[in-house]
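Residues in the sequence shown are numbered from 0 upward in steps of one, following our numbering. Note that the Cβ used here is the ideal one computed from N, Cα and C, for glycine as well. These numbers were taken from a predicted model, which means no experiment stands behind them.
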Amino acid sequence: MKNKKELRGWLDKFGLDHPLVIAGPCSAETEAQVLKIAHQLKDSDATVFRAGIWKPRTRPGNFEGVGALGLKWMQKAKEETGMMTTTEVANANHVDLALKHDVDILWIGARTTVSPFIVQEIADALQGTDKTVLIKNPVNPDLSLWLGAVERFYTADVKNLGVIHRGFSTYEKTRYRNNPEWQIAVDLQNRFPDLPLILDPSHIAGRRDIIFELSQTALDLNYDGLMIETHHDPDNAWSDAAQQITPKTLIQFTEDLRIRKEVGEAAEFKNKINTLRTQIDVIDHQLIETLGKRMNIADEIGALKKVHNVAVLQSKRWNEILGKMILQGENKNLSEEFILKVFKAIHQESINHQEKVINN
């Protein structure tokens, strides 16, 4: 896939003066629920109404969607509100049913993106269509796999394309349901700046209290839109209740979010530098998270040394670490002086942590 500006065509046709907003419930539950939410969103900044019809769950026994019946409800919501509609498809049969019910935008879920076989099946079913297809990142952090899915649709002559960043699974417990790994999306954005990039803060957060801050970070990184799960009664939603917000909250969010994109020649520099500064902020946050994890391990080492009556400072081990880090730093164009300063500070903090454990 070449870096083609035609990829933005479908988004530019909206003619919006703000980022694209896609909103609606995690799952279509009943006709009344779908219509109620759609009407509450009708006069908001949300242009596209979303709802899950088929819900692939990690474990069986949970609500897995109402199926094709829900497409009729979405079609009715579209007729009554004038909003466009979107839903997830996971096979060729889903595609056929969605097209028959005039769904405007189809998205490919994270569990589907991981399988080139299924992606190809869906791409073949959509060959030559003028429908818009949005591809969520795969479950695991793999940029090539994500781009490979986009390329399969592009090769199938599906030109209205975009991607959705919904975060990545991790075995570690973090403040997120799915770790954002912002740098992967930034790398994609740098390689294909004309490929529309949309954030799904609901699935990254897993809880509603940090959806706003994630959305703001996305806008600061120049994302093209947001997909936010919205329910009239989130606490009683049939799926993913904790990560959904009310239409009223969504409207407040869109009023409060800052859009820093300015126009004009002088503003181009300002927009670019703001985006780069936000990238630095994201990496700085990751550095703090990583240093925190390192000190937790230092605490465990301190506890082990206390049990076995071992001295805190192990000079041989420290010199080995320093030597390796200087060599690695050179490969990343980092000076020896800088590496020495950074790792001496880290080493001293590790000693402080271990001494605290041993003395207590």
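Comparing C-alpha distances from residue 274 to each of 188, 100, 119, 51 shows the shortest one belongs to 188. DSSP places residue 184 within a helical segment (H, G or I) once states are collapsed to three.
At the C-beta level, residue 160 and residue 132 come within 7 Å of one another. Residue pairing by DSSP places residue 131 opposite 104 in a beta bridge. In summary, residue 192 is exposed, with fewer than 16 beta-carbon neighbours lying within 10 Å of its beta-carbon over all protein chains present. By the C-beta density criterion, residue 13 is exposed, having fewer than 16 other C-beta atoms within 10 angstroms. Residue state for residue 40 is assigned as helix, using DSSP reduced to three classes. Counting only residues of its own chain and dropping the five nearest sequence neighbours on each side, residue 168 has a CB closer than 7 Å to the CB of 138, 139, 177. The three-state reading of DSSP puts residue 207 in helix, counting H, G and I together.
For residue 346, the uninterrupted alpha helix (DSSP H) run begins and ends at 335-358, by DSSP.
Per DSSP, residue 48 lies in no alpha helix (DSSP H) segment; the continuous beta strand (DSSP E) that holds it begins and ends at 47-49.
When secondary structure is reduced to three states using DSSP, residue 230 falls in the coil class, being assigned neither helix nor strand.
Across the set 84, 279, 330, the C-alpha of 84 shows the shortest separation from the C-alpha of residue 52. Taking a contact to require three or more Cβ pairs closer than 8 Å, the segment 32-51 and the segment 213-232 qualify as touching.
Within the DSSP secondary-structure output, residue 87 pairs in a beta bridge with 106. In this structure, DSSP gives residue 17 a state outside helix and strand, which the three-state scheme calls coil.
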